[in-house]
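S.K.:
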DNA sequence: TTTT
DNA sequence: TTTT
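Protein chains in written order, with the working numbering: chain E, 1 to 145; chain F, 1001 to 1145; chain S, 2001 to 2145; chain W, 3001 to 3145.
1. Taking contact to mean at least 3 C-beta pairs separated by less than 8 angstroms, is the segment 2034–2046 of chain S in contact with the segment 2085–2101 of chain S?
2. To the nearest angstrom, how far is it from the Cα of residue 2061 of chain S to the Cα of residue 3003 of chain W?
3. Spatial neighbours of residue 3009 of chain W within its chain, please: C-beta separation below 6 angstroms, excluding the five flanking residues on both sides.
4. Is the beta carbon of residue 3011 of chain W less than 8 angstroms from the beta carbon of residue 3035 of chain W?
5. If you draw a straight line from the C-alpha of residue 3018 of chain W to the C-alpha of residue 3029 of chain W, how long is it?
6. When the Cα of residue 2072 of chain S is compared with those of S:2001, S:2027, S:2005 and S:2014, which residue comes out closest?
7. Exposed or buried, residue 3070 of chain W, counting other C-beta atoms within 10 Å across all chains shown (16 or more means buried)?
8. According to DSSP, which residues form a beta bridge with residue 1005 of chain F?
9. Buried or exposed: which applies to residue 87 of chain E, given that a residue is buried once 16 or more other Cβ atoms fall within 10 Å of its Cβ?
10. Can you tell me whether residue 2023 of chain S is buried or exposed, with buried defined as 16 or more other CB within 10 angstroms of its CB?
11. In this structure, does DSSP put residue 2054 of chain S in helix, strand or coil?
12. Take residue 2103 of chain S and list the residues in its own chain whose beta-carbon comes closer than 6 angstroms to its own, dropping the five residues that flank it on each side.
13. Since residue 46 of chain E sits in a beta bridge, which residues does DSSP pair it with?
14. Nearest to residue 101 of chain E by alpha carbon, out of F:1110, F:1055, F:1065 and F:1080?
15. Contact criterion: CB-CB distance below 8 angstroms. Does residue 2001 of chain S meet it with respect to chain F?
16. I need the DSSP call for residue 3151 of chain W, collapsed to helix, strand or coil.
17. How is the alpha helix (DSSP H) around residue 67 of chain E delimited, first residue to last?
18. Does any CB atom of chain S fall closer than 8 angstroms to the CB of residue 3007 of chain W?
19. Using a Cβ-Cβ cut-off of 6 angstroms (strictly less than) and excluding sequence neighbours within five positions of residue 1065 of chain F, which residues of its own chain qualify?
20. As a quick exercise: from E:113, E:108 and E:112, pick the residue whose alpha carbon is nearest that of residue 5 of chain E.
21. Residue 2016 of chain S: which of S:2099, S:2063, S:2042 and S:2110 sits nearest, CA to CA?
22. What first and last residue would you give for the beta strand (DSSP E) that runs through residue 2101 of chain S?
23. What residues in the segment 6–36 of chain E bring their beta carbon closer than 9 angstroms to a beta carbon of chain F?
24. Contact criterion: CB-CB distance below 8 angstroms. Does residue 2072 of chain S meet it with respect to chain E?
25. Against chain W, does residue 82 of chain E count as a neighbour if the rule is that its beta carbon must be under 8 angstroms from one of theirs?
26. Between residue 3113 of chain W and residue 1007 of chain F, how many whole angstroms is the CB-CB distance? I'm expecting something under 8 angstroms.
27. Could you work out which residues of chain S lie near residue 1079 of chain F, taking near to mean beta carbons separated by less than 9 angstroms?
28. Could you pull the start and end residues of the beta strand (DSSP E) that residue 20 of chain E belongs to?
29. Give me the subset of the segment 3088–3110 of chain W whose CB atoms are less than 9 angstroms from a CB atom of chain F, sorted by chain position.
30. If you draw a straight line from the C-alpha of residue 2020 of chain S to the C-alpha of residue 2091 of chain S, how long is it?
31. Looking at the structure shown, is residue 1040 of chain F part of a helix, part of a strand, or coil, going by DSSP?
32. To the nearest angstrom, how far is the alpha carbon of residue 1041 of chain F from that of residue 3105 of chain W?
33. Can you check whether the CB of residue 2110 of chain S is closer than 8 angstroms to the CB of residue 110 of chain E?
34. Measuring only between beta-carbons, confirm whether residue 3056 of chain W sits less than 8 angstroms from chain S.
35. Can you tell me where the beta strand (DSSP E) holding residue 2030 of chain S begins and where it ends?
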């Protein structure tokens, strides 16, 4: 049993990559998940410049990865159900670095922007995407509802 | 929302510490949580010497920390409900290291040994507990049922 | 281990009661939690007049019960973390009825109305709250943030 | 989001059925999930003959349904991850009855019997199943590890 | 390296 | 008895 549920906001736009040979899409983003703090404790921590959220890396595979990349932007609120995955790699200095990510089974969009623009304009996928005739950044099959 | 449930086995005996001024008990241990793999995939990964479990650090506070230290040993199966907590510190080389732990709200003991001995040593609550007759580190009030 | 996380919308305004002797507040409401359905399956079920959500009774105790009653209204989106509680009672015909509720440990408000009005009535904390000028059912201390 | 994790013991052997036309296997059982009670509260409730567990119906579909029917017996400890499903039907007296079940995505066996017999002898599926040559109550592919 |  |  390895089961996680988070609700939080993206700290940046998602990053979408494709696995070289298989072409499988993966997207990654970090969620800021507010710590459950009293008003007083929260103020105290903000005063001390301590973080009032946990910052948790999410990994999404397959078609859902593309949907996330197409619809989510920095600041958006999402729910994630998944599992914790740990790993490690050696950095440039040959130092072992341990990693912890959440591999999502399900991402639920809890907010829809006024428009669906990316926070950074160009690579857009929404209602007012760049007005180039015949350009279709997303497949219609990709719409998640 | 930040909610985690894990079932796994301790990779070592728990480590119990007390916070200097408050005296609050904290114990920490790592859980090996088996990845959900098919027989074939599991064999393949074992053949390649890849881990077939995720290794997840658990932090327990308060009275439950002492109960864990007193009853759990390496290899024991437990269920944990808690939340993900992220943080960072700078190592000796001044390099930032990011950490992820589970802060437990609840630890459920899913196995009870033939006896309640620590894995190493005699009826002890510390792995290198000295072999002194009549010494009873576990308070009877501490029994969790 | 008995751990539930739901995200859904209130089917009605919450109902707030106080336990006779202790005065402990309890509020109850039902959450419509959308089933995870493909577009096609969803249309099919709507066509057949089958429900596309699960309807789950939530029980909230203590101060959070009042906060829910004061801020939540029909249609609002919330996240709930809690545990399943089963019970039974005998109805007027002496027939045993089995019940299942979620006892909430935590309710997270995922939407805030343009105002904080109840769905029915004026700046009120009860659906049939009388229209008396200067009356303020919500204590300022009650604001949850 | 509709996510449940339970750890509990079967109140009876699982019941296995096959859906008429499709032949899809379904098995159902009830889990007794201990309430998280202090020793005192537990004793008090036992004295009053009040239940100290919640009794939660689990539904398992597909191959896992057969695995459950083949390996689980009354009293066995399992972990279940799934979702809450509500429904209703009209009983013989035409009275509407509301139902709540957990549809399992994953069932984890946390105990393995000394033998794998069913609690009620005959319909067995384990190491000492009836010694009839050529009789194979379970397919070897069915073994879950 | 962090979100409202 | 059900929500967007």
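Backbone N, C-alpha and C define an ideal beta-carbon position, used for all residues, glycine too.
M.R.: In this structure, then:
1. Proximity of the segment 2034–2046 of chain S to the segment 2085–2101 of chain S falls short of the contact definition, fewer than three beta-carbon pairs being nearer than 8 angstroms.
2. Stepping through the third chain from its first residue, residue 2061 of chain S is reached at position 61. Stepping through the fourth chain from its first residue, residue 3003 of chain W is reached at position 3. Between the alpha carbons of residue 2061 of chain S and residue 3003 of chain W lies a distance of about 21 angstroms.
3. Here residue 3009 of chain W refers to the residue found at position 9 of the fourth chain. Result list for residue 3009 of chain W: 3032, 3075 and 3077, in chain order.
4. Counting from one through the fourth chain, the residue named residue 3011 of chain W turns up at place 11. Counting from one through the fourth chain, the residue named residue 3035 of chain W turns up at place 35. Between residue 3011 of chain W and residue 3035 of chain W, the CB-CB gap reaches or exceeds 8 angstroms.
5. Indexing the fourth chain from 1 puts residue 3018 of chain W at position 18. Indexing the fourth chain from 1 puts residue 3029 of chain W at position 29. Rounded to whole angstroms, residue 3018 of chain W to residue 3029 of chain W spans 15 angstroms at the Cα level.
6. Locating residue 2072 of chain S in the third chain gives position 72, counting from the first residue. Of the candidates S:2001, S:2027, S:2005 and S:2014, the one whose C-alpha sits nearest the C-alpha of residue 2072 of chain S is S:2014.
7. For the purposes of this step, residue 3070 of chain W is taken as residue 70 along the fourth chain, with counting starting at 1. Residue 3070 of chain W comes out buried.
8. Position 5 of the second chain holds residue 1005 of chain F. According to DSSP, residue 1005 of chain F bridges with E:3 and F:1081.
9. Taking the first chain and counting its residues from 1, the one referred to as residue 87 of chain E is at position 87. Residue environment for residue 87 of chain E: exposed (fewer than 16 other C-beta atoms within 10 angstroms of its C-beta).
10. Position 23 of the third chain, counting from 1, holds the residue named residue 2023 of chain S. Exposed is the call here.
11. Walking along the third chain from the start, residue 2054 of chain S turns up at place 54. Of the three classes helix, strand and coil, the one that applies to residue 2054 of chain S here is strand, per DSSP.
12. Here residue 2103 of chain S refers to the residue found at position 103 when the third chain is read from its first residue. 2059, 2082, 2083 and 2085, listed in sequence order.
13. Taking the first residue of the first chain as 1, we reach residue 46 of chain E at position 46. Partner(s): none; residue 46 of chain E has no beta bridge.
14. Mapped onto the first chain, residue 101 of chain E falls at position 101. Nearest option by C-alpha distance: F:1055.
15. Residue mapping note: residue 2001 of chain S aligns to position 1 of the third chain, counting from 1. Answer yes: the Cβ-Cβ gap between residue 2001 of chain S and chain F drops below 8 angstroms somewhere.
16. A query on residue 3151 of chain W cannot be resolved here, the shown segment of chain W reaching from 3001 to 3145 and no further.
17. In the first chain, residue 67 of chain E corresponds to position 67, counting from 1. Where residue 67 of chain E is concerned, the enclosing alpha helix (DSSP H) starts and stops at 63–71.
18. As a working mapping, residue 3007 of chain W is identified with position 7 in the fourth chain. Yes, contact with chain S.
19. By 1-based counting over the second chain, the position of residue 1065 of chain F is 65. 1025, 1026 and 1027, listed in sequence order.
20. Locating residue 5 of chain E in the first chain gives position 5, counting from the first residue. The residue with the shortest Cα to Cα distance from residue 5 of chain E is E:108.
21. Taking the third chain and counting its residues from 1, one reaches residue 2016 of chain S at position 16. Nearest C-alpha to residue 2016 of chain S: S:2063.
22. Taking the third chain and counting its residues from 1, the one referred to as residue 2101 of chain S is at position 101. Taken as a continuous stretch (DSSP letters only), the beta strand (DSSP E) holding residue 2101 of chain S covers 2096–2109.
23. Within the segment 6–36 of chain E, the residues whose Cβ lies closer than 9 angstroms to some Cβ of chain F are 6, 7, 8, 33, 34, 35 and 36, listed in chain order.
24. As a position in the third chain, residue 2072 of chain S is number 72, starting the count at 1. Taking Cβ atoms only, chain E never reaches closer than 8 angstroms to residue 2072 of chain S, which makes this a no.
25. Translated into positions along the first chain, residue 82 of chain E becomes position 82. Answer no: the Cβ-Cβ gap between residue 82 of chain E and chain W never drops below 8 angstroms.
26. Position 113 of the fourth chain, counting from 1, holds the residue named residue 3113 of chain W. Position 7 of the second chain, counting from 1, holds the residue named residue 1007 of chain F. About 19 angstroms separates the CB atoms of residue 3113 of chain W and residue 1007 of chain F; that is not less than 8 angstroms, and the two are not in contact.
27. Here the question's residue 1079 of chain F lines up with position 79 in the second chain. Within chain S, the residues whose beta carbon sits less than 9 angstroms from that of residue 1079 of chain F are 2001, listed in sequence order.
28. The residue given as residue 20 of chain E occupies position 20 in the first chain. Where residue 20 of chain E is concerned, there is no enclosing beta strand (DSSP E), because DSSP gives it neither an H nor an E.
29. Here the close residues are 3106, 3108 and 3110.
30. The count along the third chain starts at 1 and reaches residue 2020 of chain S at position 20. The count along the third chain starts at 1 and reaches residue 2091 of chain S at position 91. In this structure, the alpha-carbon of residue 2020 of chain S lies about 22 angstroms from that of residue 2091 of chain S.
31. For the purposes of this step, residue 1040 of chain F is identified with residue 40 of the second chain, where counting begins at 1. DSSP, reduced to helix, strand and coil, places residue 1040 of chain F within a helical segment of the structure shown.
32. The residue you call residue 1041 of chain F lines up with position 41 of the second chain. The residue you call residue 3105 of chain W lines up with position 105 of the fourth chain. Between residue 1041 of chain F and residue 3105 of chain W, the C-alpha separation is close to 20 angstroms.
33. Translated into the one-based positions of the first chain, residue 110 of chain E becomes position 110. Translated into the one-based positions of the third chain, residue 2110 of chain S becomes position 110. Against a cut-off of 8 angstroms, the Cβ pair of residue 2110 of chain S and residue 110 of chain E comes out as a contact.
34. Start at 1 with the first residue of the fourth chain, and residue 3056 of chain W comes out as number 56. Yes, its Cβ sits closer than 8 angstroms to a Cβ of chain S.
35. Walking along the third chain from the start, residue 2030 of chain S turns up at place 30. Run containing residue 2030 of chain S: 2025–2034, per the beta strand (DSSP E) assignment.
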